[in-house]
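Data first, discussion second: the structure below is written as structure tokens.
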Amino acid sequence: MTAITAPTTRARSGLLRYAMRLDAVLVGITGIPFVVAPGWLASLTGMPTGVELGLGIFFLAYGPTVYWLAGRERVRPGAIATITANALFTVGFVAAEAAGIWPLTGWGVALLLGGALYTAVIGSVQYAGLRACAAAAG
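Residue numbers -16 to 121, in my numbering, belong to the letters of the sequence shown in order.
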């Protein structure tokens, strides 16, 4: 007979941690062009340069922060914050497009609605991972 003495928290949270790390890497990489070329992106999308730059700075901060949260022993608090951020971005992107607050080009509409789709999907996967952790914990 073999006894397992290592905590199984990480094993139960595999999907959640993977989804958080994937999100962190993808969003962090996405932030680079927003910071490096906000004017060019603004001309392509119709969004103000300041918004493009602000999103880029946020994305660059979000990436390493969420990656760090995914590696913590207690992943639940960071996961809840990450899932909430993704839900807020989903609603915000759709609302910004629907309200017509910027004179978006076709690329701008695609960027906002694509961003909404991405955050909805990755947030849903993270939520499924969080639920799996809770179910495994008992």
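We put the CB at the ideal spot given by N, CA and C, even for glycine.
**Asked** Between which two residues does the alpha helix (DSSP H) containing glycine 11 stretch?
**Response** Its alpha helix (DSSP H) spans residues -3 to 19.
**C-beta atoms of alanine 62 and glutamine 109 nearer than 8 angstroms** = Note that the C-beta distance between alanine 62 and glutamine 109 is below 8 angstroms.
**Item:** 8 angstroms contact criterion, which phenylalanine 76 and glycine 106 should meet: CB distance rounded
**Value:** Not quite, the Cβ-Cβ distance comes to about 12 angstroms (not below 8 angstroms), so this is no contact.
**Asked** If you run the structure through DSSP and keep just helix, strand and coil, what is arginine 55?
**Response** If DSSP states are grouped into helix, strand and coil, arginine 55 belongs with coil.
**Message:** Check whether the region 20 to 30 and the region -6 to 8 are in contact - that is, three or more C-beta pairs closer than 8 angstroms.
**Reply:** The region 20 to 30 and the region -6 to 8 do not touch, with fewer than 3 CB-CB distances between them shorter than 8 angstroms.
**Asked** Whose C-beta lies closer than 6 angstroms to the C-beta of alanine 111 among residues of the same chain, with five residues either side of it excluded?
**Response** So no residue of the chain qualifies.
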